[in-house]
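One structure below.
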Amino acid sequence: MPLNKVALVSGSNQGLGFALIEALCNNLGPDASVYLTARDPARGAEAVRQLRRRGLSPLFHLLDVIDDASVAALAESIRARHGGVDIVISNAAARISRDRPQAEQVALFVNTNNHGTCRMIRAFGPLLRDNARFLVVASAFGSLRNLSPDLHGKFDVKTRSLEDIEQLMDDYVGLVEAGQAAAHYWPEWINVASKVAQVASTKIMARLMRAEASRRGILINAACPGLVDTDASRPWFEDMSAAQSPLQAAEDVIWLATLPPGTNGPYGELVQHRKILPWL
Ligand SMILES: NC(=O)c1ccc[n+]([C@@H]2O[C@H](COP(=O)([O-])OP(=O)(O)OC[C@H]3O[C@@H](n4cnc5c(N)ncnc54)[C@H](OP(=O)(O)O)[C@@H]3O)[C@@H](O)[C@H]2O)c1
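For any residue, its number in my numbering is found by taking its place in the sequence shown, counting from 1, and adding 763.
Following this line, the structure appears as structure tokens:
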């Protein structure tokens, strides 16, 4: 008898994360344990209520990805209740406001989107069951080709460690805060550097786990959902008519998160709409 599936999504009280939970509940059936997580208990409870009204039964757990103890508490709870996890989607992200300089926002943005991703990798990598799927929701901006060639060596995923990427991003925060990013070849818009670093962290996790993952059927990838109509993206586009609804966007991400046992790839890739995007 196969074990009932265990799945979790960070930042899933709204936006794409909420749709991923809805799709996972539908896809995995009522016997699965699907964890809707949120940093705010009231917003989390309201999101769970919404899905219950649709006949679904996600579980709830608090998760603030900028807090080591919060990430560790969820990992310990999953370990104690289930022994491991089948699907992890690291999706939580801070937003960028158009109304404030990015220099004021970059520290929280990197702590959430980059260090948060690394916290999820470290906490849940060791809990992955055989045939597990670990995804980081990134973006097409996460291809290294979007950064100046002067920076490419810093993101050499064949040799760099997670700690190297974290240090690099802390240095980047310092440069943006000091108004020095452009002088060091970094782009002005903080989302590009952050997404490249998220994909790099995913590729490094995949490299470090390659032998075990191949033996145990585990797949590790980054995903770009494409443009999704959420409160995060709406302020940046005058015309959202080409954007997908969160549930539409969830379809291809869930495809990647539920590739059946025996699937050998993609592995360590950035995938958008079921196709691998080039790194360079
Ligand atoms: N929307 C797009 O067009 C698009 C395109 C490409 C990639 N993506 C990526 O898709 C992912 C989801 O984006 P979205 O548009 O759905 O964003 P969103 O609507 O802003 O949702 C982000 C989620 O992350 C949560 N979050 C923020 N900080 C957190 C923290 N410290 N700990 C735990 N959760 C936290 C938010 O919780 P609160 O409700 O408490 O704030 C919210 O639930 C992001 O990684 C984004 O970069 C989106």
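Glycine included, each C-beta is placed from N, C-alpha and C at the ideal position.
Check the DSSP bridge columns for residue 906 and list the partner residues they point to. Mapped onto the sequence shown, residue 906 falls at position 143. Its beta-bridge partners do not exist; DSSP assigns none.
For residue 955, the three-state DSSP class (helix, strand or coil): In the sequence shown, counting from the first residue as 1, residue 955 sits at position 192. In the structure shown, residue 955 sits in a helix (DSSP, three-state: H, G or I).
Give the single residue among 767, 814, 789 and 796 whose Cα lies nearest to the Cα of residue 777. Taking the first residue of the sequence shown as position 1, residue 777 is located at position 14. Of 767, 814, 789 and 796, the residue nearest in Cα terms is 814.
Give a yes or no on contact between the segment 765-772 and the segment 788-803, applying the rule of three or more CB pairs nearer than 8 Å. Contact between the segment 765-772 and the segment 788-803 is present: three or more C-beta pairs spanning the two stretches fall below 8 Å.
Do you know offhand how far residue 972's Cα is from residue 1001's? Within the sequence shown, residue 972 is the residue found at index 209, counting from 1. Within the sequence shown, residue 1001 is the residue found at index 238, counting from 1. Approximately 42 Å between the Cα atoms of the pair.
Between the C-alpha atoms of residue 855 and residue 806, what's the straight-line distance to the nearest angstrom? Here residue 855 refers to the residue found at position 92 when the sequence shown is read from its first residue. Here residue 806 refers to the residue found at position 43 when the sequence shown is read from its first residue. When rounded, the distance between both Cα atoms is 14 Å.
Should residue 922 be counted as a contact of ligand 1 given a C-beta to heavy atom distance under 8 Å? Looking up residue 922 in the sequence shown gives position 159. Ligand 1 has no heavy atom closer than 8 Å to the beta-carbon of residue 922.
Beta-carbon spacing of residue 898, residue 847 below 9 Å: Position 135 of the sequence shown, counted from the start, is the residue given in the question as residue 898. Position 84 of the sequence shown, counted from the start, is the residue given in the question as residue 847. Annotated as distal: residue 898 and residue 847, with beta-carbon spacing of 9 Å or more.
Count the C-beta pairs between the segment 946-954 and the segment 901-913 that are closer than 8 Å, then say yes if the count reaches three, no if not. yes
What residue range is occupied by the uninterrupted alpha helix (DSSP H) comprising residue 892? Indexing the sequence shown from 1 puts residue 892 at position 129. Residue 892 -> not in any alpha helix (DSSP H); beta strand (DSSP E) instead, spanning 891-900.
If we ignore side chains and look at the alpha-carbon of each, how far apart do residue 784 and residue 812 end up? Working through the sequence shown from its first residue, we reach residue 784 at position 21. Working through the sequence shown from its first residue, we reach residue 812 at position 49. Looking at the two C-alpha atoms, the distance is approximately 13 Å.
Count the other CB atoms, across all protein chains shown, that sit within 10 Å of the CB of residue 946; report buried if there are 16 or more and exposed otherwise. Along the sequence shown, read from residue 1 onward, the residue named residue 946 stands at position 183. Exposed.
Determine the extent of the beta strand (DSSP E) in which residue 800 is found, giving its start and end residues. Here residue 800 refers to the residue found at position 37 when the sequence shown is read from its first residue. For residue 800, the enclosing beta strand (DSSP E) has its first and last residue at 796-801.
Are residue 994 and residue 1007 touching if we call contact CB-CB under 9 Å? Sequence index remark: in the sequence shown, residue 994 carries index 231 (1-based). Sequence index remark: in the sequence shown, residue 1007 carries index 244 (1-based). No, the Cβ-Cβ distance between residue 994 and residue 1007 is not below 9 Å.
Can you determine whether any heavy atom of ligand 1 sits closer than 8 Å to the C-beta of residue 841, and answer yes or no? As a first step, residue 841 must be located in the sequence shown, where it is residue number 78. Not so, every heavy atom of ligand 1 lies at least 8 Å from the Cβ.
In the DSSP assignment, find the unbroken beta strand (DSSP E) run with residue 1035 in it and report its ends. Counting from 1 along the sequence shown, the entry for residue 1035 is found at position 272. Segment 1033-1035, the beta strand (DSSP E) holding residue 1035.
I need the DSSP call for residue 849, collapsed to helix, strand or coil. As a position in the sequence shown, residue 849 is number 86, starting the count at 1. Here residue 849 sits in strand by DSSP.
List the whole-angstrom C-beta distance separating residue 866 from residue 940, where the pair is believed to meet the contact cut-off of C-beta under 8 Å. Here residue 866 refers to the residue found at position 103 when the sequence shown is read from its first residue. Here residue 940 refers to the residue found at position 177 when the sequence shown is read from its first residue. Confirmed, Cβ separation roughly 5 Å.
Is the beta carbon of residue 829 closer than 9 Å to that of residue 896? The sequence position of residue 896 within the sequence shown is 133, counting from 1. The sequence position of residue 829 within the sequence shown is 66, counting from 1. Not closer than 9 Å, so no.
How would you label residue 860, buried or exposed, when you count the other beta carbons within 10 angstroms and need 16 or more for buried? Walking along the sequence shown from the start, residue 860 turns up at place 97. Residue 860 comes out exposed.
Residue from 985, 930 and 803 with nearest C-alpha to residue 884: Here residue 884 is taken as the residue at index 121 of the sequence shown, counted from 1. For residue 884, the nearest C-alpha among the options comes from 985.
So, using beta-carbon positions, are residue 958 and residue 876 closer together than 9 Å? For the purposes of this step, residue 958 is taken as residue 195 along the sequence shown, with counting starting at 1. For the purposes of this step, residue 876 is taken as residue 113 along the sequence shown, with counting starting at 1. Yes. Within cutoff.
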